[in-house]
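What follows is a set of notes on a single structure, which appears directly below.
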Amino acid sequence: MSRRDSLLALLVMVIWGVNFLAIEWGLQDVPPLLFAAIRFVAVVLPAVFLVARPAVPWRTLAGIGLFMSAGQFGFVYAAMEAGLPPGIAALVLQAQVVFTIVIAAGVLRELPTPVQVLGVAVATVGLVVVGAGRGGEVPLTALVLCLCGALSWGVGNTIARAAKAPGGLGVTVWSALFVPLPLFAVSLLVEGPSAIGDGLAAFGWKAAASTAFTAGVSSLLGYGIFNSLLARNPAHQVVPWVLVVPPVAMVSAWIAFGDQPNAAEVMGGLVMLLGVLIALRPPARVRTVVPVEAPA
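For the sequence shown, the numbering used here gives the first residue as 7, with consecutive numbering after it.
Structure follows, in structure tokens:
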């Protein structure tokens, strides 16, 4: 990755780390699946009338929308509703790094280097340290739901990389066409008409501000940049950056809510950052030796 792409990746990770705080804020008034559906309505409108459709097949846009957006956030919002705290959600969701690299290696034949495998392993150890440091009981159902979201994100990453779309923002907007209706349908089945009605009635300025950030900044700006990075770079160079999100989320929660991280969280976050640096280290250049012909 170029220095410019690395800085763009870091910017997206900061946005996504803060995004978990915005989600938690909005979920206070609106049921999770309904809230996720409203978020992607805001992503589509009015942007779909302003952004040109990318030159990729409809089936690709559908795959990205259903897996990277509807699947990921549907499961994550449901996991948070089931009792998974925002910090733990940000942490568990990073299992998508392993899912993406494995899927991309099998489907796209983008095999990571040994150094990149080591970096992901080190970062994963950091995730485990942070998770152990959080303490407390987390419902198994919530963990499984979040892991399903991570798997869905990994599939979406691979589809986006395979498409090599020319514009990340176009992919984000047009793939979002396939998100609201499935989420609304699941919300109707799981949360029920009564909860939907109550949620819409309680949709106040907090939910509106949260939606503005999650849709405008996190989805349109964040995923627009992220999909562009996937189109220009191998998946195993882009995806490890997402391991920066949990430390950002924890620091943001500390500043906003006074949720001070403990020693294990700090050490685990530093180990994750070290793993990212290792995974993103460029491969050593191989010197080409030109054979010298022996004199006749």
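Every residue gets a Cβ at the ideal spot worked out from N, C-alpha and C, and that includes glycine.
(request) Enumerate in chain order the residues of its own chain whose CB-to-CB distance from L235 is below 7 Å, with the five nearest sequence positions on each side excluded. (result) The residue you call residue 235 lines up with position 229 of the sequence shown. D11, L14, A15, V244.
(request) Note down the Cα distance separating A208 from G112, rounded to an integer number of angstroms. (result) Reading the sequence shown from its first residue, position 202 is the one you call residue 208. Reading the sequence shown from its first residue, position 106 is the one you call residue 112. Distance between the alpha carbons of A208 and G112 is about 46 Å.
(message) Taking 8 Å as the threshold (C-beta atoms), are V57 and G222 in contact?
(response) Stepping through the sequence shown from its first residue, residue 222 is reached at position 216. Stepping through the sequence shown from its first residue, residue 57 is reached at position 51. No. Outside cutoff.
(request) Starting from the Cα of W22, find the closest Cα among G228, M256, P52, A259 and give me that residue. (result) Looking up residue 22 in the sequence shown gives position 16. Of the listed residues, the one whose Cα sits closest to W22 is G228.
(message) For the alpha helix (DSSP H) containing V104, name the first residue and the last one.
(response) As a working note, residue 104 is residue 98 in the sequence shown. Segment 102-113, the alpha helix (DSSP H) holding V104.
(request) Determine the contact status of F46 and V248, defining contact as a CB-CB distance below 8 Å. (result) Here residue 46 refers to the residue found at position 40 when the sequence shown is read from its first residue. Here residue 248 refers to the residue found at position 242 when the sequence shown is read from its first residue. Not closer than 8 Å, so no.
(request) State buried or exposed for G210, treating a residue as buried only when at least 16 other CB atoms are found within 10 Å of its CB. (result) Position 204 of the sequence shown, counting from 1, holds the residue named residue 210. Exposed, because fewer than 16 other Cβ atoms sit within 10 Å of the Cβ of G210.
(request) Classify N163 as buried or exposed, calling it buried when 16 or more other Cβ atoms lie within 10 Å of its own Cβ. (result) Counting from one through the sequence shown, the residue named residue 163 turns up at place 157. It counts as buried.
(message) Rounded to whole angstroms, what is the Cα-Cα separation between V121 and L280?
(response) Locating residue 121 in the sequence shown gives position 115, where the first residue counts as 1. Locating residue 280 in the sequence shown gives position 274, where the first residue counts as 1. Distance between the alpha carbons of V121 and L280 is about 12 Å.
(message) Considering only the alpha carbon of each residue, which of P252, L17, L151, D265 lies closest to V135?
(response) Locating residue 135 in the sequence shown gives position 129, where the first residue counts as 1. Here the closest residue by C-alpha is P252.
(message) Please state whether the Cβ-Cβ distance between P246 and A148 is less than 8 Å.
(response) Walking along the sequence shown from the start, residue 246 turns up at place 240. Walking along the sequence shown from the start, residue 148 turns up at place 142. No, these two residues do not count as a Cβ contact at 8 Å.
(message) With the cut-off set at 8 Å, would you say A270 and A138 are in Cβ contact?
(response) Locating residue 270 in the sequence shown gives position 264, counting from the first residue. Locating residue 138 in the sequence shown gives position 132, counting from the first residue. It is a contact, given that the beta carbons lie within the stated cut-off.
(request) Could you spell out the range, first to last residue, of the alpha helix (DSSP H) harbouring T217? (result) Locating residue 217 in the sequence shown gives position 211, where the first residue counts as 1. Start and end: 211-217.
(message) Spatial neighbours of V131 within its chain, please: C-beta separation below 7 Å, excluding the five flanking residues on both sides.
(response) On the sequence shown, residue 131 is found 125 positions in, with the first residue counted as 1. If we look at V131 and ignore the five residues flanking it on each side, its Cβ neighbours are V277.
(request) Could you have a look at N25 and say whether DSSP puts it in helix, strand or coil? (result) Within the sequence shown, numbered from 1, the residue matching residue 25 stands at position 19. It is helical.
(message) Check this for me: beta carbons of A262 and V179, under 8 Å apart or not?
(response) Within the sequence shown, the letter at position 256 stands for residue 262. Within the sequence shown, the letter at position 173 stands for residue 179. Not closer than 8 Å, so no.
(message) Need the endpoints of the alpha helix (DSSP H) that V50 sits in, please.
(response) The residue labelled residue 50 in the question sits at position 44 within the sequence shown. Start and end: 38-50.
(message) Counting beta carbon pairs with one atom in the stretch 187-203 and one in the stretch 26-45, are three or more of them shorter than 8 Å?
(response) yes
(message) I'd like to know whether the C-beta atoms of L124 and I231 end up nearer to each other than 8 Å.
(response) Translated into positions along the sequence shown, residue 124 becomes position 118. Translated into positions along the sequence shown, residue 231 becomes position 225. For L124 and I231, no; Cβs fall outside 8 Å.
(message) On the criterion of 16 or more Cβ atoms from any shown chain inside 10 Å, does W159 qualify as buried, or is it exposed?
(response) Here the question's residue 159 lines up with position 153 in the sequence shown. Buried, because 16 or more other Cβ atoms sit within 10 Å of the Cβ of W159.
(request) Take the Cβ of A169 as the centre, count every other Cβ of all protein chains shown within 10 Å, and call the residue buried at 16 or more, exposed below. (result) As a working mapping, residue 169 is identified with position 163 in the sequence shown. The residue is buried, with at least 16 neighbouring Cβ atoms inside 10 Å.
(message) On a Cα-Cα basis, can you pick out the residue from A127, I70, P267, A218 that is closest to G32?
(response) Locating residue 32 in the sequence shown gives position 26, where the first residue counts as 1. Selected option, being the one with the closest Cα: A218.
(request) Hey, could you find the ends of the alpha helix (DSSP H) T147 is sitting in? (result) Stepping through the sequence shown from its first residue, residue 147 is reached at position 141. Note, T147: alpha helix (DSSP H), 146-169.
(request) Would you mind stating whether G155 and V250 have Cβ atoms separated by less than 8 Å? (result) To locate residue 155, count along the sequence shown from 1; it is residue 149. To locate residue 250, count along the sequence shown from 1; it is residue 244. Not a contact, by the Cβ cut-off of 8 Å.
(request) May I ask you to report which of helix, strand or coil DSSP gives P63? (result) Along the sequence shown, read from residue 1 onward, the residue named residue 63 stands at position 57. Coil at P63, not helix or strand.
(request) Would you kindly check if the distance between the Cβ of G69 and the Cβ of I202 is under 8 Å? (result) Start at 1 with the first residue of the sequence shown, and residue 202 comes out as number 196. Start at 1 with the first residue of the sequence shown, and residue 69 comes out as number 63. No. Outside cutoff.
(request) Report yes if the C-beta distance between A76 and P188 is below 8 Å; otherwise report no. (result) For this step, residue 76 is matched to residue 70 along the sequence shown. For this step, residue 188 is matched to residue 182 along the sequence shown. Taking 8 Å as the Cβ cut-off, A76 and P188 qualify as a contacting pair.
(request) Please list, in chain order, all residues of the same chain as A226 whose beta carbon is under 8 Å from its beta carbon, the five residues on each side excluded. (result) In the sequence shown, residue 226 corresponds to position 220, counting from 1. Checking the displayed sequence, the identity of residue 226 turns out to be Leu instead of Ala. So the qualifying residues of the chain are V49, A53, L175, T178, V179.
(request) Please list, in chain order, all residues of the same chain as S181 whose beta carbon is under 6 Å from its beta carbon, the five residues on each side excluded. (result) Residue 181 sits at position 175 when you count from the first residue of the sequence shown. Excluding positions up to five away in sequence, the list reads L67, I70, G71.
(message) What does the alpha-carbon distance come out to for the pair G197 and M7?
(response) On the sequence shown, position 191 is the one that residue 197 refers to. On the sequence shown, position 1 is the one that residue 7 refers to. The amino acid occupying residue 197 in the given sequence is Glu; Gly does not appear at that position. C-alpha separation (whole angstroms): 43 Å.
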